[in-house]
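Participant: Take this structure first; my questions come after.
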Amino acid sequence: MAHTTSVRTYAFVLGGLLTLTALTTAIAFVNLGAFNAPVALAIAVAKATLVVLVFMHLRETPRLTIAVVVSALLWMAILVGLTMNDYLTRRFLTFG
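Following the working numbering, the numbering of the sequence shown begins with 88 at its first residue and continues without gaps.
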């Protein structure tokens, strides 16, 4: 079960990562208001997806491995969501 990735695929991924890195740098100099963090996170997710799919060979793995990765991401989303729910619904008291 030896999978090989072509040099052309690596070249496209390199180009994509460099483009997304340049886009991240360009966005850092633009004031998008409340959208700065979501845009930066979307670019980071795109870069992480490229790395995971190509360099960690997730595209070529059995479905069980993909299910484990998806379930781990879902579990992380649940934990972050519950943490943010707790944090955003607290009342912050100031004394003095």
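From the three backbone atoms N, C-alpha and C, an ideal C-beta is built for every residue, glycine too. Remember, it's a predicted structure, so these values are computed and weren't measured experimentally.
1. Could you tell me which of R178, V100, T92 sits nearest to V138, measuring between CA atoms?
2. For a minimum of 4 consecutive residues, which ranges assigned as the alpha helix (DSSP H) are wholly contained in the segment 93-168?
3. Straight-line CA distance for L140 to F179?
4. Taking the alpha-carbon of V94 as reference, which of L151, F142, W162, L175 has the nearest alpha-carbon?
5. Quick one: measure Cβ to Cβ for A127 and T111, integer angstroms, because I've assumed they're closer than 8 angstroms.
Facilitator: Working from what's here:
1. Comparing Cα positions, the closest option is V100.
2. If we require 4 residues or more, the alpha helix (DSSP H) runs fully inside the segment 93-168 come out as 94-115, 123-137.
3. Approximately 42 angstroms, taken between the alpha carbons.
4. F142
5. 7 angstroms
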